[in-house]
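In our numbering, the protein residues as written are 319 to 620.
Built from N, CA and C at the ideal position, the CB exists for glycine as well.
Here the structure is a predicted model, which is why all the values come from computation and not from measurement.
In what follows, a single structure is set out as structure tokens and then discussed.
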Amino acid sequence: MTALARYTARPAAPGAHALGEGPVWDPDRERLLWVDIVAHAVHEGRLDPDAGTITRTGTATFETTVGAVAVAAAGDLLVAERRVLTRVAPDGSRSFVARVLPEDHTGRLNDGAVDPAGRFLIGSMAEDGRRGGEILARLDRDGVTVLDDDLDLSNGLAWSPSGDRLYSVDTIPGLIRVRDYDPATGAVGERRDWVAIGDGLPDGMCADAEGNLWIAVWGGSRVECRGPGGDLRAVVAVDAPHTSSVAFAGPDLDVLVITTAAHGLAPADLARHPSSGRLFTARVGVAGLPTAYWDPACAPSS
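Printed below as a string of structure tokens:
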């Protein structure tokens, strides 16, 4: 039996976020993007892969919560605001893309990711304690296609290296699920339970080039690496209880960037873990999968 690999992440940037989430590496511009959901912000930064440090270089703020960000090959951003998707051009101008949630929805958009063909997927979560009825949806040329409508809290998304398996997190029941996925057509297979996470809740995740999943565990102060069969292969310790999401970054995609949150922690927890809300990095001996660019053609024409 192979021994469990253990790593320790270290703080990578001085500033703390209330609810840091959704890191995305943009290789063409060598920039890291991430969001602070409750601060209504999308941040941009530069990664020093040798030092493992991140320097923030810019921030765009919005009127509502920001659940996720994706980037197009030309540099445009797709931002998941509270209920709608907004496009931000490189010159900063903004335009409406699509409505995902009705105006009277009591929750908000949460985590999102781009599939291998350039389509954007996004999930929702309740903010009033409701269970069930949250969605996982995909932005297509014809509008918004709902893949799931029975979730408690839609969260992290990742694809296998070949793109033929979609993994998705439903945080409240602690489940990661999997289904067959055809990037060419968007056809999906039957959803099935893959792994249940204990001692914390699964949050954001990403895949590496070997087909392993790296899963941030909210309330667990760690990132777990699970093999394609669901077996636990590695643990990254993070000195922040609310570990929220992960992404591989850098020119060689060999730096694991980890977002964390201070939101929801009691004062005593913040005193014990003063780095809560900061970005962390770790080297874990593998390279990540390149993040697909969002294709604006995979969206309704305006």
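Under the criterion of beta carbons closer than 8 Å, ALA580 and ALA357 do not qualify as touching, at roughly 11 Å. For ASP498, there is no enclosing alpha helix (DSSP H); the enclosing beta strand (DSSP E) covers residues 493-498. A direct Cα-Cα distance of roughly 6 Å separates ALA359 from VAL384. Between the segment 338-348 and the segment 571-580 there are three or more inter-stretch CB-CB distances shorter than 8 Å, so the stretches are counted as touching. The beta-carbon distance between ALA378 and VAL406, rounded to whole angstroms, is 7 Å. This is short enough to meet the 8 Å contact definition. Shown here for ALA391: same chain residues with a beta carbon closer than 6 Å to its own, the five before and five after excluded, namely TYR611 in chain order. For ALA407, there is no enclosing alpha helix (DSSP H), as DSSP marks it with neither H nor E. Collapsing the DSSP output to three states places ASP467 in a strand.
DSSP lists VAL353, ALA378 as the bridge partner or partners of VAL360.
Residue nearest to ARG417 within the set ALA323, LEU457, GLY516 is LEU457 (criterion: CA-CA distance). LEU427 sits in a strand when the DSSP states are folded into three classes.
Distances from the CA of THR382 to each of ASP368, VAL397, ALA388 were compared; the closest alpha carbon is that of VAL397. Between TYR485 and LEU531 a beta carbon distance of about 6 Å is seen, short of the 8 Å cut, so the two are scored as contacting. If you look at ASP458, you'll find it in the beta strand (DSSP E) that goes 452-458. With fewer than 16 other Cβ atoms from the protein chains shown falling within 10 Å of its own Cβ, ALA321 counts as exposed. The Cβ neighbour count for GLU452, taken over all protein chains shown within 10 Å, is at least 16; the residue is labelled buried. As computed with DSSP, TRP343 is found in a beta bridge with LEU350.
Rounded to whole angstroms, the gap between the alpha carbons of ASP409 and ALA455 is 28 Å. Following the DSSP letters along the chain, one finds ARG551 inside the beta strand (DSSP E) bounded by residues 550-555.
CYS616 is bridged by DSSP to nothing; it lacks a bridge partner. Residue environment for ARG540: buried (at least 16 other C-beta atoms within 10 angstroms of its C-beta). Under the three-state reduction of DSSP output, ASP368 falls in the coil class, being neither helix nor strand. Considering only THR503, GLY492, HIS591, the residue with the shortest C-alpha distance to THR463 is THR503.
DSSP places ARG483 outside any alpha helix (DSSP H); the residue lies instead in the beta strand (DSSP E), whose first and last residues are 483-488.
If you check the CB distance, PRO520 and VAL535 come in under 8 Å. Cβ neighbours of ALA527 within its own chain (closer than 7 Å, five residues either side excluded): PRO479, VAL604, ALA605, GLY606, LEU607. Taking ASP517 as reference, the option from VAL496, GLY492, THR424 with the minimal CA-CA separation is GLY492. The C-alpha of CYS543 lies about 6 Å from the C-alpha of ILE533. For PHE380, same chain residues with a beta-carbon under 8 Å away, outside a window of 5 residues either side, are HIS358, ALA359, VAL360, VAL397, GLU399, THR404 in chain order. In the assembly as shown, THR489 is a buried residue. Its beta-carbon has 16 or more other beta-carbons within 10 Å. Within the same chain, VAL554, ALA600, VAL602 come within 6 Å of TYR325 by CB-CB distance, once the 5 residues on both sides are set aside.
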